[in-house]
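Note sheet for the following structure.
Residue numbers (our numbering): 3 to 276.
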């Protein structure tokens with residue numbers, strides 16, 4: 003089997019215990035910095051349903067935190083981490099799901115170790131790009147040269163999920179790679195992640211408003227995509243392992259907003275894209 007064609011748990015189980023605390027700290031710092039830029043740009047409120055997930059842990063020593071936010075322009079934003087870093091596992095997430103006022107792709111970002119360093123950055127499509135060529139030409143074709151550059155980085159290895167559903171959810175310019183955790187990888191990931199957020203914020207600022215009549219359907223599709231990605235993630239078994247099935251199900255619901263209290267973005271008064 004290819005080194006990359008494995009589930010997360012297979013990589014972790016086949017490696018000896020490795021302390022990845024230093025890389026985990028770097029991922030936390032980077033994601034916190036990017037999240038601050040997002041909260042400076044958008045009006046956001048933490049959803050009360052995630053307050054119970056501010057600090058959770060398991061008998062194995064693993065622990066984590068999930069914070070979700072919503073607002074007039076952002077339907078659901080997740081800022082989270084889970085880790086058993088001294089045993090070689092961590093992940094840090096920043097995912098931002100826009101409201102239906104604009105049709106800009108959603109912002110996806112996850113960084114991790116198991117114990118190899120791993121990163122995923124994507125612009126989650128909101129339409130079928132083979133027919134919606136306007137979105138393809140605007141949001142994906144311009145990113146393709148950067149995608150090609152990363153394929154040619156000698157120290158990176160593409161991470162290819164064994165899950166056909168996971169692969170189906172990736173855009174054509176998704177960055178998904180593994181590399182030895184360390185300074186070289188951290189430097190590259192920081193550069194690419196900051197580019198990713200800069201580009202996405204620019205898209206939001208330049209976006210045209212979606213016609214009001216089309217917003218309900220876009221909202222429904224967005225939630226279906228978000229829920230399916232969260233519920234079908236093969237890495238959920240890591241949550242079961244570290245925190246138990248009940249807590250894992252609560253975590254999965256937090257990722258898609260299954261227990262949300264705050265209103266959906268569509269329920270706010272229409273806000274024009276800035």
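We put the beta carbon where it would ideally sit given N, CA and C, even for glycine.
All of these numbers come straight from a predicted model, not from anything done at the bench.
- The residue from 251, 244, 157 with its alpha-carbon nearest to that of residue 60 is 244.
- For residue 100, the enclosing beta strand (DSSP E) covers residues 91-100.
- Taking 7 Å as the cut-off, the beta carbon of residue 110 is found no closer than this to the beta carbon of residue 77.
- From the listed residues 91, 122, 70, the smallest Cα separation to residue 263 is found for 70.
- Contact between residue 55 and residue 253 is confirmed by a C-beta separation of about 7 Å, below the 8 Å threshold.
- For residue 132, the closest of 125, 174, 152, 154 by C-alpha to C-alpha distance is 174.
- Between the alpha carbons of residue 249 and residue 242 lies a distance of about 8 Å.
- Burial state of residue 23 is exposed, judged by a 10 Å Cβ sphere holding fewer than 16 other Cβ atoms.
- Secondary structure at residue 228: helix, using DSSP grouped into helix, strand and coil.
- The beta carbon of residue 186 lies closer than 8 Å to those of 157 in the same chain, with the five residues before and after it left out.
- Going by beta carbons, residue 93 and residue 84 fall inside the 7 Å limit.
- Only exposed fits residue 47, as fewer than 16 other CB atoms lie within 10 angstroms of its CB.
- Secondary structure note for residue 119: its beta strand (DSSP E) is the uninterrupted segment 119-126.
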